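Chains as they are written, first to last, in my numbering: chain A, 2 to 196; chain B, 890 to 1007.
Pasting the structure below:
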């Protein structure tokens, strides 16, 4: 990305969004530079497939542009809103994917270089994690990913998921237990036998 | 219990690897995102085109003024076609048989005759 001089340094995301809604096209570029990496990272962690993650990131940003004129100042943070949109878009894709992608579809490394093998193993683990999230009830998958992949606090997750902290704790605990069980069943193929 | 701890450790390890995933958006993705940016609504959105009828309406002062004009015009036509008694004499004077205009006086005709005779 060709970074433009940061005319909006220090300005909160919401200020940029309002500036964009008021006709400042440069605010859109600044928002893209600031938010797209975060949006893409969240989608990639949940989906593990680059093309799908990019599709989600693009759609989330388009929804942000559409939302800009109607943005209610002070009601929610832009980041919170985006976490929710990306999370929902990802669970939509995971729902469709259930039972679709397996580790068998991931190519074996073509040479024995440790870095390649290691990268393939990491990819396989990320794909296995994404498939395991797809197997969870959607609210559990969202809570677990926001907590353990994005590192958000329970109050933040509660706001994103429009629920209370106690509910988040419950969703996260049950989701994590289910994930652990699923991943335990695949630990040999994911390279955890000899650890 | 040991096995559960081991499974939790595996999961935590995978979580840590996932958190380390930080892809850089490709130029293609950035271009697609920027292509989806709508034209700023306030600054450069052109004024909507207005039809000729709309423009005429604006010049006359809008629908309120035009409705007054139409009412006044209809009333004028109706008064002309079927004038009330109070204005009937005036219309008869202007449009009836009583109007007679003499363009040439008798003296002038005779004077012309004199001219031809003479």
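Positions of the beta carbon are idealized from the N, C-alpha and C atoms, including for glycine.
Nothing here was measured: the structure is a model prediction, and the numbers come from that model.
Not one beta carbon of chain B lies nearer than 8 angstroms to the beta carbon of residue 162 of chain A. Between residue 58 of chain A and residue 44 of chain A, the CB-CB gap stays under 8 angstroms. Cβ neighbours of residue 31 of chain A within its own chain (closer than 6 angstroms, five residues either side excluded): 9 and 17. Inclusion of residue 62 of chain A and residue 928 of chain B in the CB contact set at 8 angstroms is not warranted, their separation being larger than that value. Taking a Cβ-Cβ threshold of 7 angstroms, the residues of chain B close to residue 62 of chain A are 922 and 925, in chain order.
Contact between the segment 130-141 of chain A and the segment 60-78 of chain A is absent, with fewer than three C-beta pairs closer than 8 angstroms.
The beta carbons of residue 177 of chain A and residue 900 of chain B sit about 7 angstroms from each other, so the pair counts as a contact at 8 angstroms. Taken in chain order, the unbroken stretches of alpha helix (DSSP H) that lie wholly in the segment 115-156 of chain A and span 4 residues or more are 115-136 and 139-145. Rounded to whole angstroms, the separation of the alpha carbons of residue 913 of chain B and residue 172 of chain A is 31 angstroms. The DSSP-derived three-state label of residue 193 of chain A is coil. Identification of chain B residues near residue 85 of chain A by a Cβ-Cβ cut-off of 7 angstroms yields none; the smallest Cβ-Cβ distance measures about 19 angstroms. Around the CB of residue 96 of chain A, fewer than 16 other CB atoms lie within 10 Å, so the residue is classed as exposed. The residue from A:126, A:90 and A:180 with its alpha-carbon nearest to that of residue 906 of chain B is A:126. Residue 911 of chain B has a beta carbon lying within less than 8 angstroms of a beta carbon in chain A. For residue 21 of chain A, the uninterrupted alpha helix (DSSP H) segment begins and ends at 14-22. Assignment of residue 926 of chain B by DSSP, reduced to helix, strand and coil, places it in the coil class. Sixteen is the threshold: when 16 or more other Cβ atoms of the shown chains lie within 10 Å of the Cβ of residue 143 of chain A, as they do, the residue is buried. Look at residue 959 of chain B here: in three-state DSSP terms it is helix. Collapsing the DSSP output to three states places residue 8 of chain A in coil. In terms of Cα proximity to residue 46 of chain A, the closest of A:146, A:159 and A:192 is A:146. Counting the other CB atoms within 10 Å of its CB gives residue 971 of chain B a total below 16, which places it among the exposed residues. For residue 894 of chain B, no Cβ of chain A is located within less than 8 angstroms of the residue's own Cβ. A direct Cα-to-Cα measurement between residue 947 of chain B and residue 957 of chain B gives close to 14 angstroms. Here residue 148 of chain A is buried, its C-beta having at least 16 other C-beta atoms within 10 Å. Contact annotation: in the segment 32-56 of chain A, residues whose CB is within less than 8 angstroms of a CB in chain B are 33, 37, 38, 41, 42, 45, 46, 51, 54 and 55. Just so you know, the alpha carbons of residue 24 of chain A and residue 194 of chain A end up roughly 57 angstroms apart. Residue 968 of chain B has a beta carbon lying at 8 angstroms or more from every beta carbon in chain A.
Per DSSP, the unbroken alpha helix (DSSP H) holding residue 82 of chain A starts and ends at 79-98.
If you ignore the 5 residues before and after residue 40 of chain A, its C-beta comes within less than 7 angstroms of the C-beta of 58, 61, 62, 83 and 87, all in its own chain and listed in chain order. Interface annotation, residue 78 of chain A: not in contact with chain B, CB-CB separation never under 8 angstroms.
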